[in-house]
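Presented below is the structure to which this report refers.
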């Protein structure tokens, strides 16, 4: 029985997800496949490349850097999150992404983007058959929030944020044969999405893409339906869900390093709380199928020690260079 990861987005709220994934990596917990949306895709990619602490490292390092996210970038490029710096300079130069490990890991990794011409989700499998630049552009497309991002053209599509069309792609993973899924949400239990109050502005900004406008206008309906489906699968023990215990005190866009680190630590705390239950969930899937999915391999304690040291470092002492943290 195949096991999967489903990673919701939510801008920098996704650093909560990064905290959970880092603990899973440090504990040697593996899955057969994963799907990420927006920040869930960006931070989830480090799970496949086995780069624990990378997401928190570069988010702390560049939190206040205008090259990373700023009104200046929005006015100059049309992207609040600078496309070149975030999706190319950081993974290529400032905090290198381990492509060799990413390709070597047999875990299938999908991301979700929204086709602005149809308003439908596009599910993209990232593998070695594709140019690295194009893969990075797919990640950019998945996280390109309407109003503060330009439409991304890649793979013959015109794309925006995957959360518009499919925020929690649990059904998609089940359709691919992943029968037991760990779902990481960035909203607490009881959350109900409301209609988007910016629809008048969105209609004007995306007037060339009426189907995208429709999808954004209906997003709250489909999102709440997806949450109901997640609860149903959770009750049936087909999904194991980790969600914040309350509202995360952080915005989709955040420059406060202390808030970023606090939310990351909360993700780590909840992951540790649920470790035994996660192991039982994966062991049950393994028992039912006789496969090796969800295997658990202990890593050397040094990784966990390094993570704790980073979290205990005062904000003002956070190293400027990534190599000083690694």
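In our numbering, the protein residues as written are 493 to 818. Note that CB positions come from ideal geometry on N, CA and C, so glycine has one too.
- In the DSSP secondary-structure assignment, residue 732 is bridged to 674.
- In this chain, the alpha helix (DSSP H) harbouring residue 726 covers 711-727.
- Taking C-beta separations shorter than 8 angstroms and ignoring five residues to either side along the sequence, the partners of residue 580 in its chain run 625 and 628, following chain order.
- Spatial neighbours of residue 701 in its own chain (CB-CB distance under 7 angstroms, excluding positions within 5 residues in sequence) are listed in chain order as 608 and 609.
- Taken in chain order, the complete beta strand (DSSP E) segments of 3 or more residues contained in the segment 609-649 are 613-617 and 644-646.
- In this structure, the straight-line span from the alpha carbon of residue 550 to that of residue 500 is close to 20 angstroms.
- With contacts defined by Cβ atoms closer than 8 angstroms, residue 745 and residue 504 form a contacting pair.
- Beta-bridge partners of residue 525 (DSSP): 496 and 600.
- Going by C-alpha positions, residue 687 is about 13 angstroms away from residue 705.
- Under the DSSP assignment, residue 561 falls outside any alpha helix (DSSP H); it carries neither an H nor an E label.
- The secondary-structure analysis by DSSP pairs residue 607 across a beta bridge with 651.
- Check the Cα spacing between residue 603 and each of 743, 718, 497 and 774: the tightest is with 497.
- In this structure residue 779 is exposed. Its beta-carbon is surrounded by fewer than 16 other beta-carbon atoms within 10 angstroms.
- For residue 515, the enclosing alpha helix (DSSP H) begins and ends at 507-518.
- Scanning its chain for C-beta atoms nearer than 7 angstroms, with the 5 sequence neighbours on each side dropped, one finds around residue 577 the residues 559 and 560, in chain order.
- Boundaries of the alpha helix (DSSP H) harbouring residue 533: 531-540, taken from the DSSP string.
- In this structure, residue 590 and residue 541 form a Cβ contact; the two beta carbons are roughly 4 angstroms apart against a cut-off of 8 angstroms.
- Across the structure, residue 771 and residue 694 are spaced so that their CA atoms are roughly 44 angstroms apart.
- Around the beta carbon of residue 613, a 10 Å sphere encloses 16 or more other beta carbons of the protein chains shown; the residue is thus reported as buried.
- In the same chain as residue 646, and ignoring 5 residues on each side of it, the C-beta atoms closer than 7 angstroms to its own belong to 626, 629, 630 and 633, in chain order.
- Residue 655 holds the alpha-carbon nearest to the alpha-carbon of residue 615 among 583, 655, 556 and 597.
- For residue 573, DSSP records a beta bridge to 561.
- In the structure shown, residue 701 falls within a coil segment according to DSSP collapsed to helix, strand and coil.
- Taking the CA atoms as reference points, residue 740 sits about 30 angstroms from residue 594.
- Contact check for residue 652 against residue 638 passes: the beta carbons are separated by less than 8 angstroms.
- A residue is called buried when at least 16 other Cβ atoms come within 10 angstroms of its Cβ; residue 585 does not meet this threshold and is exposed.
- Residue 495 has its alpha-carbon roughly 15 angstroms from the corresponding atom of residue 728.
- The residue from 619, 529 and 732 with its alpha-carbon nearest to that of residue 606 is 529.
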